[in-house]
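Undergrad: Below are the structure tokens for one structure; questions will follow.
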Amino acid sequence: MAERLDGRGAVAIGDDATRRVALARTPSAWPALGRALIGRKPGLRGEATIPRIEASLSSAPADPARIAAYRKVCGFAESDVLPPCYPHILGAPLHLVLATHNDFPLPGFGLVHVRNVITEHHRIDAGADLAVACHVEGHRDVRQGWEFDVVTRVEADGRLAWD
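Numbering of the sequence shown is given in the working numbering, commencing with residue 3 and proceeding in unit increments.
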């Protein structure tokens with residue numbers, strides 16, 4: 003098992019089977035978007051597939067101003083709980099970490115988001131202590147190319163609340 007700190011405030015931990023990135027803070031999207039645009043990736047060849055890559059953020063506070071803006075744009079009423087789709091916003095920066103990881107074989111530019119399946123295990127208090135973890139592993143061949151799942155889990159006050 004190897005561990006190293008990178009320039010994004012992340013600890014990269016991994017072995018032959020799993021690549022793990024534990025983030026100390028929410029990463030900025032701009033560097034990841036730049037890597038997605040200019041990064042060259044081999045794609046999937048032969049029997050290759052996407053290795054298991056995990057990214058986690060042990061503290062992901064939901065900013066009240068951003069929640070209010072999200073509510074306004076999406077038409078959600080004021081409430082003490084997060085809108086049911088809002089945790090996806092918290093996971094998005096981690097999705098970029100996965101897609102721009104050195105071992106992710108597909109180019110980030112050109113990936114298309116096809117669908118969401120959300121399970122809200124319980125409502126999330128807007129002031130809850132949140133942790134976010136995401137992973138990707140494997141793929142499916144489809145007519146248009148390859149399809150894969152990005153699984154996102156959000157814990158509120160130490161309890162699974164959303165995935």
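Note that CB positions come from ideal geometry on N, CA and C, so glycine has one too.
Keep in mind it's a predicted model, so treat the numbers as computed, not measured.
Look up Val114 in the DSSP assignment and say whether it is helix, strand or coil.
TA: Correct three-state label for Val114: coil.
Undergrad: Would you list the one or two residues that DSSP bridges to Asp143?
TA: Trp148
Undergrad: Can you tell me the Cα-Cα spacing of Phe106 and His124, whole angstroms?
TA: 32 Å
Undergrad: How would you call Leu84, buried or exposed, if buried means at least 16 neighbouring beta carbons within 10 angstroms?
TA: buried
Undergrad: Am I right that Ser61 and Ala133 are in contact with their C-beta atoms under 8 Å? What's the rounded C-beta distance?
TA: 7 Å
Undergrad: What residue range is occupied by the uninterrupted alpha helix (DSSP H) comprising Val99?
TA: Segment Tyr88 to Ala101, the alpha helix (DSSP H) holding Val99.
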